[in-house]
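Student: Here the sequence shown is numbered in numbering that gives the first Met the number 0, starting from 0 and rising by one per residue. Heads up, the beta-carbon is just placed ideally off N, CA and C, and yes, glycines get one too. Sending over a structure as structure tokens; questions will come in a sec.
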Amino acid sequence: MVQKDFLLDFDLYICERFGYRNSLHVTPTQNGCCVGVNIKPVRLYVRFWEYSKGVGGFPDWCIILVHCNFRKNQEQELQELVRFFKEHAPRYGYKYIGVEGHPQFNQMLEFQLMQSVRGQENYIFPLNRV
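See the structure below:
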């Protein structure tokens, strides 16, 4: 299961970046957890998968950006979020970051197209190369 310390680090990042504390809504799942952030300047939905079993073509130990909407500076904030994950996630065992079905995010981040599943393009990149 996702380490509590990693979620605390993520919550601290949101607090330092946007000024809101305790803004993570965590839903445990069988293969990790899903985290939602729904505050005025940012709306995020991120999956932290420890075991994917190949669903959507994502590998094990993958952070999946499902929805990322920043009120200001979308591209800059998305890159900062990825930079945060690059620095912190490997300490907790995560090896990849992916984008689920958002080609416009990939244009900003330049991840590799992994596969198209039911008309949805998924992208992935190893955290050690972001």
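1) From this set, K85, Y50, V98, which residue's C-alpha is nearest Y44's C-alpha?
2) Would you kindly report the start and end of the unbroken alpha helix (DSSP H) that includes F57?
3) Exposed or buried, which one is V81 when buried takes at least 16 other CB atoms within 10 Å?
4) Out of E120, R20, D59, which one is the CA nearest neighbour of L126?
5) For I38, I'd like the list of residues in its chain whose CB is within less than 6 Å of its CB, leaving aside the five on either flank, ordered along the chain.
6) For L77, does the count of other Cβ atoms within 10 angstroms reach 16, so buried, or fall short, so exposed?
7) Grouping DSSP H, G and I as helix and E and B as strand, with all else coil, what is E99?
Tutor: On the basis of the data shown:
1) To locate residue 44, count along the sequence shown from 1; it is residue 45. Measuring from the Cα of Y44, the nearest candidate turns out to be V98.
2) To locate residue 57, count along the sequence shown from 1; it is residue 58. Careful: F57 lies outside any alpha helix (DSSP H) and carries neither H nor E.
3) Counted from its first residue, the sequence shown places residue 81 at position 82. By the Cβ-count criterion, V81 is buried, with 16 or more other Cβ atoms from all chains shown falling within 10 Å of its own Cβ.
4) In the sequence shown, the residue the question calls residue 126 occupies position 127. When only C-alpha atoms are compared, the closest one is D59.
5) Within the sequence shown, the letter at position 39 stands for residue 38. If we look at I38 and ignore the five residues flanking it on each side, its Cβ neighbours are Y19, S22.
6) On the sequence shown, position 78 is the one that residue 77 refers to. Residue environment analysis places L77 among the buried positions, since at least 16 neighbouring C-beta atoms fall within 10 angstroms of its C-beta.
7) Numbered from its first residue, the sequence shown carries residue 99 at position 100. The answer is strand: DSSP assigns E99 an E or B state.
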